[in-house]
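A.B. asks: First, the structure itself, so that you have it in front of you.
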Amino acid sequence: MGLGLNNQKYALFGLFNKARSMNRPVVLPDFVIFDAKSEHKDKVPFSSVYSVDHLVRFAHAFGMEILDQPPIENDNGWHCFIGGTFVMGWEGKKGPGSLDDFTCQFFRSLVPHITSTPLFKKLARTIYLDHGIGVVAQLRIENDWLDVSKQAEATNSPEKDDYKITFLDILSKINYSIGNFSKKIYVVCDEANLPVSKEVIRETVASQFDISLIWKSDIFSKAELDQLSLLDLSIIDFEMSVRAPLFVGLSLSTFSNLACFETFCRTGTPATDHYIYNCPGPGLMRRMDFGAGSNLDDVANPIHLRNPLIPDTMNDCLWPISLTAHISKVGDFTTESGKIPGSRRGHIVCGIRGNSDIKIEGFILQSCSQLQVDLEYRAKTPTGDWGDWVTNGMLAGSRGNSQPINGFAVRLRGPLALSYEAICIGSFAGNHDLIQEKGHLGCASKNGESLEAMQIIFRPIVPEWPVGSN
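Quick note on numbering: the sequence shown equals residues 548 to 1017 in my numbering.
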């Protein structure tokens, strides 16, 4: 595990997640100031970097305890890092429904002290207000990254060429995709560890693309820079990236991935103005994965956005429901409306309208809070027959058999069924029009077309008054 800022944050999250799963208290570890150029390491207390109060409040909310005692020496940082990245990747892919969960709340509770200092406020004001800069770009071209690139080149990894990207490659892609958006770019990187000077980079980019690059060392005086540690500088870069109107990075970097994820956690909306440059073609690729992954196919897959098939209405019920669909070429894909009754975080929708390359083969519905919504559901098989009604947590349809379903039905049970009903909306392969039906009747294709996207809404039943009644 590298000792950069964001690798340490992943490891810290892994520590908290492990402690929670074992019902154990947490002792806050030191943070490491790592000089990638000299490989020198210094340790500083957690409390000197991030707010302890915010993290204590988070821990108490989830029934955890943070012990006020010196850090414990151990060698489990790597295991915590692996555990943290795995869980964050899994939880991050849940989308808006995960905003109230442990993972998002943890990262939202990491509040660095430096963002409240006059130095940071000066930088943010100068870049975003005085210069009106709208683009922040990570130039991951430092010498330590060149070492990683050489190691990757010696492997058979399909991603090995994604590491060998020069500053000219990066700026060429930026200029191709968003050159008309901004001719000024704020650069984040380890300036002391660049393979060539920033002045050479600046002059070359200005000459070839007519783009002006601005670095933090252009804004801070030498005296101000001398006050800041390498860890401070990394946090400043990260916090400027999270605040950026548009950010450009790479999916192989924990910096870029966490910048995208924490932007989502803090704003509550997908960070769709985050782009990556380690992609095929002359331009950039827009991220759609909330920063949860590194694989290019996954990073740019619009399925993660969970765009509703029909717009919201004021009558829609805000119930905490989880929908897991088994989708061809994707696997199991989960979306949640949220965990807290009465508060919508996401829509109960899976799939992509108009993308017939992926099809839904089965699905599972279940309540995801203590408020149990009693419901049952079924799928229409490729033979045209409706399957049996199943209840919370059971699979309707199939998984892994390459048999897309042709329809789905959902109905409420118990007292809720007297006042509310499910509405099912489906998009079917080859059909431009959506099909919307009352849930108990079922939403199915007319000619056996496969289901490519589905949405479920719960609304109060509208009485059907007899003609002539008052």
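Glycine included, each C-beta is placed from N, C-alpha and C at the ideal position.
#1: List the DSSP bridge partners of Trp933.
#2: Excluding sequence positions up to five away, which residues of its chain have a Cβ less than 6 Å from the Cβ of Ile1004?
#3: Going by DSSP in three states, Leu998 sits in which element: helix, strand or coil?
#4: Quick one: what does DSSP say Val896 is sitting in, helix, strand or coil?
#5: Please return the same chain residues whose Cβ sits closer than 6 Å to the Cβ of Thr871, not counting the five positions on each side in sequence.
#6: Smallest Cα separation from Leu575: which of Ile732, Glu746, Leu831, Phe560?
#7: Would the stretch 577-596 and the stretch 628-637 be scored as touching if the rule is three or more Cβ pairs under 8 Å?
#8: Can you tell me whether DSSP reads Gln950 as helix, strand or coil?
#9: From Met548 to Val603, what does the alpha carbon distance come to, in whole angstroms?
#10: Looking at C-beta atoms only, is the number of pairs between the stretch 801-813 and the stretch 612-619 that lie closer than 8 Å three or more?
#11: Taking Arg1006 as the reference, which of Glu968, Leu981, Glu996 has the closest Cα?
#12: Thinking just about the alpha-carbon of each residue, which of Ala566, Arg571, Leu550, Ala583 is nearest to the one in Asp577?
#13: Measuring straight from C-alpha to C-alpha, what distance separates Leu942 and Lys927?
#14: Among all the DSSP beta bridges, which residues are the ones paired with Val574?
#15: Tell me, to the nearest whole angstrom, how far the beta carbon of Ala739 is from that of Lys584; I am working on the premise that it is less than 8 Å.
#16: What residue range is occupied by the uninterrupted alpha helix (DSSP H) comprising Tyr557?
#17: Tell me the residue span of the alpha helix (DSSP H) that contains His607.
#18: If I measure Cβ to Cβ from Cys627 and keep anything under 7 Å in the same chain, skipping five residues before and after, which residues do I get?
#19: Let me make sure I understand the geometry here. Which of His979, Lys876, Phe837 has the alpha-carbon closest to that of Gly639?
#20: Give a yes or no on contact between the stretch 673-693 and the stretch 791-801, applying the rule of three or more CB pairs nearer than 8 Å.
#21: Kindly give me the distance between the Cβ atoms of Pro659 and Ile782, rounded to whole angstroms, as I take these residues to be in contact under 8 Å.
#22: Any idea which residues DSSP pairs His873 with across the strands?
#23: Which residues in the same chain have their Cβ closer than 8 Å to the Cβ of Thr819, if we skip the five residues on either side of it in sequence?
#24: Out of curiosity, what's the CA-to-CA distance linking Thr662 and Glu786?
#25: Cα separation between Arg790 and Ile758?
#26: For Gly954 and Ala991, which I take to be in contact (beta-carbon distance under 8 Å), what is that distance rounded to the nearest angstrom?
#27: By a C-beta neighbour count over all protein chains shown, 10 Å radius and 16 as the cutoff for buried, is Gly909 buried or exposed?
#28: Taking 7 Å as the threshold (C-beta atoms), are Gly644 and Arg892 in contact?
#29: Evaluate Gln755 with the Cβ neighbour count: other Cβ atoms within 10 Å of its Cβ, from every protein chain shown; 16 or more gives buried, anything less gives exposed.
#30: Considering only the beta carbon of each residue, do Val885 and Gln913 sit closer than 7 Å?
C.D. replies: Checking against the coordinates, here is how it stands:
#1: Walking along the sequence shown from the start, residue 933 turns up at place 386. Paired residue(s): Lys927.
#2: The sequence position of residue 1004 within the sequence shown is 457, counting from 1. Within the same chain, Ile1004 has close Cβ partners Asp863, Ile970.
#3: By one-based count along the sequence shown, residue 998 stands at place 451. Note: Leu998 maps to strand in three-state DSSP.
#4: Counted from its first residue, the sequence shown places residue 896 at position 349. Residue state, collapsed to three classes: strand.
#5: Residue numbering aside, residue 871 sits at position 324 when the sequence shown is read from its first letter. Around Thr871, the same chain offers Asp879, Thr881, Ile911 as residues with beta carbons nearer than 6 Å, after the five sequence neighbours per side are excluded.
#6: As a working mapping, residue 575 is identified with position 28 in the sequence shown. Taking only the C-alpha atoms, the option nearest Leu575 is Phe560.
#7: No, they do not touch.
#8: Taking the first residue of the sequence shown as position 1, residue 950 is located at position 403. When secondary structure is reduced to three states using DSSP, Gln950 falls in the coil class, being assigned neither helix nor strand.
#9: Position 1 of the sequence shown, counting from 1, holds the residue named residue 548. Position 56 of the sequence shown, counting from 1, holds the residue named residue 603. Residue placement at Met548 is poorly supported in this model, since its pLDDT is 48, which falls under 50; the coordinates still yield a value, given next. CA-CA distance, Met548 to Val603, rounds to 26 Å.
#10: Of all C-beta pairs linking the stretch 801-813 to the stretch 612-619, fewer than three are shorter than 8 Å, placing the two stretches out of contact.
#11: Position 459 of the sequence shown, counted from the first residue, corresponds to residue 1006. Residue Glu968 holds the alpha-carbon nearest to the alpha-carbon of Arg1006 among Glu968, Leu981, Glu996.
#12: Residue 577 sits at position 30 when you count from the first residue of the sequence shown. That would be Leu550, whose Cα lies nearest to the Cα of Asp577.
#13: To locate residue 942, count along the sequence shown from 1; it is residue 395. To locate residue 927, count along the sequence shown from 1; it is residue 380. About 13 Å.
#14: Here the question's residue 574 lines up with position 27 in the sequence shown. Paired residue(s): Leu614.
#15: If you number the sequence shown from 1, residue 739 lands on position 192. If you number the sequence shown from 1, residue 584 lands on position 37. The beta carbons of Ala739 and Lys584 sit about 6 Å from each other, so the pair counts as a contact at 8 Å.
#16: The residue given as residue 557 occupies position 10 in the sequence shown. First-last of the alpha helix (DSSP H) with Tyr557: 552-569.
#17: Here residue 607 is taken as the residue at index 60 of the sequence shown, counted from 1. First-last of the alpha helix (DSSP H) with His607: 599-608.
#18: As a first step, residue 627 is located in the sequence shown; it is residue number 80 there, counting from the start. So the list reads Ala558, Gly561, Leu562, Lys565, once near-sequence residues are dropped.
#19: Sequence index remark: in the sequence shown, residue 639 carries index 92 (1-based). Looking at the Cα atoms, Phe837 is the closest of the given residues.
#20: Yes: at least three Cβ pairs fall under 8 Å.
#21: Counted from its first residue, the sequence shown places residue 659 at position 112. Counted from its first residue, the sequence shown places residue 782 at position 235. Contact flag correct, Cβ pair sits at about 5 Å.
#22: Here the question's residue 873 lines up with position 326 in the sequence shown. In DSSP, His873 forms a bridge with Asp879, Gly909.
#23: Within the sequence shown, the letter at position 272 stands for residue 819. For Thr819, the CB contacts under 8 Å within the same chain, skipping 5 residues up- and downstream, are Arg833, Arg834, Met835, Leu852 in chain order.
#24: The residue given as residue 662 occupies position 115 in the sequence shown. The residue given as residue 786 occupies position 239 in the sequence shown. If I take the Cα positions, the gap works out to 8 Å.
#25: As a position in the sequence shown, residue 790 is number 243, starting the count at 1. As a position in the sequence shown, residue 758 is number 211, starting the count at 1. Ile758 has its alpha-carbon roughly 21 Å from the corresponding atom of Arg790.
#26: What you label residue 954 is simply residue 407 of the sequence shown in a count that begins at 1. What you label residue 991 is simply residue 444 of the sequence shown in a count that begins at 1. The beta-carbon separation of Gly954 and Ala991, rounded to 3 Å, stays under the 8 Å limit for a contact.
#27: The residue given as residue 909 occupies position 362 in the sequence shown. Around the beta carbon of Gly909, a 10 Å sphere encloses 16 or more other beta carbons of the protein chains shown; the residue is thus reported as buried.
#28: On the sequence shown, position 345 is the one that residue 892 refers to. On the sequence shown, position 97 is the one that residue 644 refers to. Their beta carbons are under 7 Å apart, which means Arg892 touches Gly644 by this criterion.
#29: Translated into positions along the sequence shown, residue 755 becomes position 208. Exposed, by the Cβ-count rule.
#30: Here residue 885 corresponds to residue number 338 of the sequence shown, with the count starting at 1. Here residue 913 corresponds to residue number 366 of the sequence shown, with the count starting at 1. The sequence shown places Gly at residue 885, not Val. In this structure, Gln913 does not lie closer than 7 Å to Gly885 by Cβ.
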